[in-house]
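Here's the structure we're looking at; comments come further down.
Residue numbers (this note's numbering): 52 to 301.
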């Protein structure tokens with residue numbers, strides 16, 4: 052869809068498939084807008100866009116390629132982008148390992164073995180930004196979590212008892228009822244007599260006083276936006292498995 056979006060009507064798009072004994076690569080090559088060389092190293096980062104004016108014309112917040120990267124890497128694969136420069140088209144290549152039929156299948160996916168599992172963990176993610184909710188839902192689901200997203204604090208409270216989450220991830224700056232107020236209300240609720248639900252604050256502010264304010268409000272962790280999924284996954288893992296920390300990261 053990106054190739055179509057950024058290629059003029061008279062352009063050409065080619066999709067090719069190649070395979071070796073251990074992996075398969077899917078390449079999408081277009082003759083469209085192209086990518087500046089200095090932007091290539093950042094193209095798979097969340098909320099990074101090369102041209103704001105193009106974005107405003109076509110829509111989107113720069114999450115699609117970040118999601119593609121995380122999904123690909125979660126399956127033990129890689130994704131890469133190449134372009135000679137502006138106006139010279141681009142090639143995006145996804146490479147995925149082939150499944151083996153032998154009993155040694157897990158060993159052929161080394162990256163997956165090093166990936167923390169969130170299987171069986173129920174996560175309530177609250178954010179008024181639809182793209183951020185999509186990113187969290189898409190990626191955490193790949194890691195095995197059951198994710199329920201809500202676009203407001205009111206919606207989250209409506210489904211809280213029925214869903215019974217193990218972890219709360221909430222944006223702080225939401226209209227009407229912010230993340231601080233949401234957590235205060237959740238802290239007054241009892242979910243089958245369980246301990247207080249671990250909570251992670253999401254915010255665009257990374258000052259020390261912002262971190263201290265979220266902790267004082269009852270959040271155990273503070274994750275800044277734009278979200279780095281590796282940090283978010285590690286933070287969730289630390290909260291649900293406190294004895295298996297991978298290094299403290301506020």
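Ideal Cβ placement from N, Cα and C applies to all residues, glycine included.
Where the beta strand (DSSP E) through residue i begins and ends
i: residue 272; result: 272-275
i: residue 203; result: Where residue 203 is concerned, there is no enclosing beta strand (DSSP E), given that its DSSP letter is neither H nor E.
i: residue 266; result: Run containing residue 266: none in the beta strand (DSSP E); it sits in the alpha helix (DSSP H), 259-267.
Beta-bridge pairing of residue i - partner residues as DSSP gives them
i: residue 81; result: 64, 141
i: residue 132; result: 143
i: residue 197; result: 173
i: residue 148; result: 74
i: residue 94; result: Beta-bridge pairing links residue 94 to no other residue.
i: residue 220; result: 176, 251
8 Å Cβ cutoff met for residue i and residue j
i: residue 88; j: residue 140; result: no
i: residue 128; j: residue 147; result: yes
i: residue 267; j: residue 228; result: no
i: residue 274; j: residue 217; result: no
i: residue 138; j: residue 85; result: yes
i: residue 234; j: residue 269; result: yes
i: residue 118; j: residue 190; result: yes
Bounding residues of the alpha helix (DSSP H) (the contiguous stretch that carries residue i)
i: residue 123; result: 115-125
i: residue 236; result: 230-238
i: residue 286; result: 280-291
i: residue 177; result: Careful: residue 177 lies outside any alpha helix (DSSP H), inside the beta strand (DSSP E) at 173-177.
i: residue 319; result: Any property of residue 319 remains undetermined from this structure, which presents the chain solely from 52 to 301.
i: residue 55; result: 53-56
Identity of the residue in the options nearest residue i by Cα
i: residue 240; options: 227, 262, 264, 213; result: 213
i: residue 201; options: 283, 177, 194; result: 177
i: residue 249; options: 265, 132, 72, 260; result: 265
i: residue 65; options: 71, 73, 74, 55; result: 55
i: residue 277; options: 132, 84, 259, 186; result: 186
i: residue 133; options: 169, 124, 80, 122; result: 80
i: residue 76; options: 149, 263, 247; result: 149
i: residue 143; options: 188, 82, 171, 169; result: 82
i: residue 226; options: 180, 280, 286, 95; result: 180
State whether the segment 198-210 contacts the segment 246-259, with contact taken as three or more CB pairs (one from each stretch) at a distance under 8 Å.
-> No: fewer than three Cβ pairs fall under 8 Å.
Are the segment 225-239 and the segment 186-195 touching by the rule of at least three beta carbon pairs closer than 8 Å?
-> no
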